[in-house]
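The structure appears below as structure tokens.
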Amino acid sequence: MPLLLVDETRTVEGSLLVNMIGAALNRSGLFSVAAEFATVESPFEDPLGANTGGDRFDLILIVPPEPSLAKEGRFWIVTCSPGFAAGPHVQEGERAIKQLVERAGQQVDRNLEAVNVRDGGVAAFFAPLFQRQGWLNCG
């Protein structure tokens, strides 16, 4: 399934962590991973803008900038808003991402977790925006 990995990190250490997670996502066989690098000033700043390339994704995983990765980190799994029916493959993808992020955290001695749209917060904030901008496959 198509997955967009958005790297907002600003350090070599952060980029290495994103690389490790991206490689694990590729190896899982569940995802076709594309990547974008973004510079944002706040967690609620749009890292993508309008989709002019036409590729759409079932899931978007945002890795926020440091210092949020200093000791623990929360990654955001953005999918279609809860009003849209998420297919079983999307739910399976979310579970796989959560497990891979948690395992990556254990490898680098950090408490990392991935939260989705239903958990609220930033992922839920971005879901309708990314839908309108043409990034998500929503129905």
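So in the numbering used here, the last one in the sequence shown is 131, and the numbering has no gaps at all.
Even for Gly, the Cβ is constructed at its ideal location relative to N, Cα and C.
Computed from a prediction, not measured in an experiment: that's the story for all the values here.
Spatial neighbours of residue i in its chain, beta-carbon cut-off 8 Å, leaving aside the 5 residues before and after
{"i": "A62", "result": "Annotation note: pLDDT 49 at A62 (below 50); position unreliable, no value reported."}
{"i": "F36", "result": "V114, F117"}
Residues of its chain near residue i, where Cβ-Cβ distance is below 6 Å and the 5 sequence neighbours each way are ignored
{"i": "G126", "result": "N43"}
{"i": "F118", "result": "V70"}
{"i": "D50", "result": "M(-7), P(-6), V82, N129"}
{"i": "S7", "result": "T1"}
{"i": "L18", "result": "Correcting the residue type first, residue 18 is Asn in the shown sequence and not Leu. If we look at N18 and ignore the five residues flanking it on each side, its Cβ neighbours are V25."}
Under the three-state DSSP convention, the category residue i falls into
{"i": "S7", "result": "helix"}
{"i": "A62", "result": "Residue confidence is low: A62 scores 49 on pLDDT, short of 50, so the model does not pin down where it sits. Its coordinate-derived value is still stated next. Three-state DSSP puts A62 in coil, outside helix and strand."}
{"i": "D111", "result": "helix"}
{"i": "V55", "result": "strand"}
{"i": "L128", "result": "strand"}
7 Å CB neighbourhood of residue i in its chain, flanking five on each side removed
{"i": "L121", "result": "D38"}
Alpha-carbon to alpha-carbon, residue j and residue i
{"i": "A88", "j": "S20", "result": "8 Å"}
{"i": "V25", "j": "N103", "result": "24 Å"}
{"i": "G14", "j": "L(-3)", "result": "7 Å"}
>> Across the segment 78 to 86 and the segment 26 to 33, are there enough close Cβ pairs to call them in contact, namely three or more that are closer than 8 Å?
In response: no
> Taking the runs of the beta strand (DSSP E) that are 3 residues or longer, which of them lie wholly in the segment 81 to 125?
Replying inline: 103 to 107
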